[in-house]
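Have a look at the structure below, then the notes.
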């Protein structure tokens with residue numbers, strides 16, 4: 324692809340690094356930014372820089388946050404007896420959009436995947452176990468991990484780790500979420516119903 328400007332070419336190269344953005348889409352975005360008010364472009368650039376430098380990860384659940392403890396963990400109205408384990412921040416957003424879940428979360432930061440070199444030590448599993456010490460308020464752990472092979476492996480591993488917690492109920496989302504599907508791509512009604520109709524782990 325030929326460019327009339329090296330500066331445009333550089334912008335297109337950077338935009339094309341975004342997921343789902345090809346060279347043609349990147350060019351359209353670059354030309355759109357060039358055509359509109361410069362203030363809009365500066366505001367976009369500023370917001371991206373602030374996001375990259377100032378967004379934190381909650382020290383309790385590892386969700387993204389503007390503060391040390393996220394708004395969900397610090398909300399006194401959330402059900403602290405229920406802890407939903409997800410693999411990714413996007414899953415928290417998807418579940419919150421259903422308005423069917425009122426408990427807390429724990430973001431693992433991925434799933435166990437030997438092929439990609441991701442093992443248990445690469446995930447936020449130790450901090451999960453720390454949250455489930457004997458004096459914990461948590462009575463139920465909901466495994467809301469995408470039902471892929473890696474997701475099922477991760478859920479099975481966690482269940483084995485948690486089996487010594489005798490008074491802890493372990494559940495999983497109902498199979499309204501298709502096998503091999505990702506939570507973030509499941510529609511809100513289906514995902515919400517899967518949470519409401521959750522079952523004991525191993526009986527899904």
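In my numbering, the protein residues as written are 324 to 527.
Just so it is clear, CB atoms sit at the ideal spot from N, CA and C, and this is done for glycine as well.
Note that the structure is a prediction, hence the values are computed from the model and not measured.
Residue from the options with nearest C-alpha to residue i
{"i": "residue 432", "options": "421, 348, 446, 419", "result": "446"}
{"i": "residue 468", "options": "451, 442, 495", "result": "495"}
{"i": "residue 452", "options": "439, 397, 514, 483", "result": "483"}
{"i": "residue 522", "options": "340, 511, 416, 497", "result": "497"}
{"i": "residue 401", "options": "457, 427, 410", "result": "427"}
{"i": "residue 374", "options": "382, 388, 363, 383", "result": "388"}
{"i": "residue 487", "options": "457, 358, 477, 478", "result": "457"}
{"i": "residue 462", "options": "438, 437, 439, 489", "result": "489"}
Beta-carbon proximity of residue i to residue j, cut-off 8 angstroms
{"i": "residue 404", "j": "residue 460", "result": "yes"}
{"i": "residue 518", "j": "residue 395", "result": "no"}
{"i": "residue 353", "j": "residue 366", "result": "no"}
{"i": "residue 493", "j": "residue 464", "result": "yes"}
{"i": "residue 491", "j": "residue 455", "result": "yes"}
{"i": "residue 528", "j": "residue 385", "result": "Absent from the model: residue 528. The displayed extent of the chain is 324 to 527, so no value can be given."}
{"i": "residue 376", "j": "residue 511", "result": "no"}
{"i": "residue 391", "j": "residue 379", "result": "yes"}
{"i": "residue 424", "j": "residue 466", "result": "no"}
Local Cβ density within 10 Å of residue i, reported as buried at 16 or more and exposed below that
{"i": "residue 474", "result": "buried"}
{"i": "residue 472", "result": "exposed"}
{"i": "residue 342", "result": "exposed"}
{"i": "residue 328", "result": "exposed"}
{"i": "residue 502", "result": "Residue placement at residue 502 is flagged as unreliable, the pLDDT there being 49, under the threshold of 50; the coordinate-derived value follows with that caveat. Its Cβ having fewer than 16 others within 10 Å, residue 502 is exposed."}
{"i": "residue 306", "result": "The chain is shown from 324 up to 527; residue 306 falls before or after that span and cannot be answered."}
{"i": "residue 345", "result": "exposed"}
{"i": "residue 470", "result": "buried"}
{"i": "residue 477", "result": "buried"}
{"i": "residue 515", "result": "buried"}
{"i": "residue 397", "result": "exposed"}
{"i": "residue 410", "result": "buried"}
{"i": "residue 372", "result": "exposed"}
{"i": "residue 363", "result": "exposed"}
{"i": "residue 449", "result": "exposed"}
{"i": "residue 334", "result": "buried"}
{"i": "residue 360", "result": "exposed"}
Range covered by the beta strand (DSSP E) that runs through residue i
{"i": "residue 403", "result": "402-409"}
Could you give the uninterrupted runs of the alpha helix (DSSP H) lying entirely in the segment 331-377, keeping only those of 4 residues or more?
Secondary structure in the segment 331-377: the alpha helix (DSSP H) runs of 4 residues or longer, each lying completely within the stretch, are 346-358, 361-377 in chain order.
In chain order, which beta strand (DSSP E) runs of at least 3 residues are fully inside the segment 408-496?
For the segment 408-496, whole beta strand (DSSP E) runs of length 3 or above, ordered along the chain, are 426-430, 463-466, 492-495.
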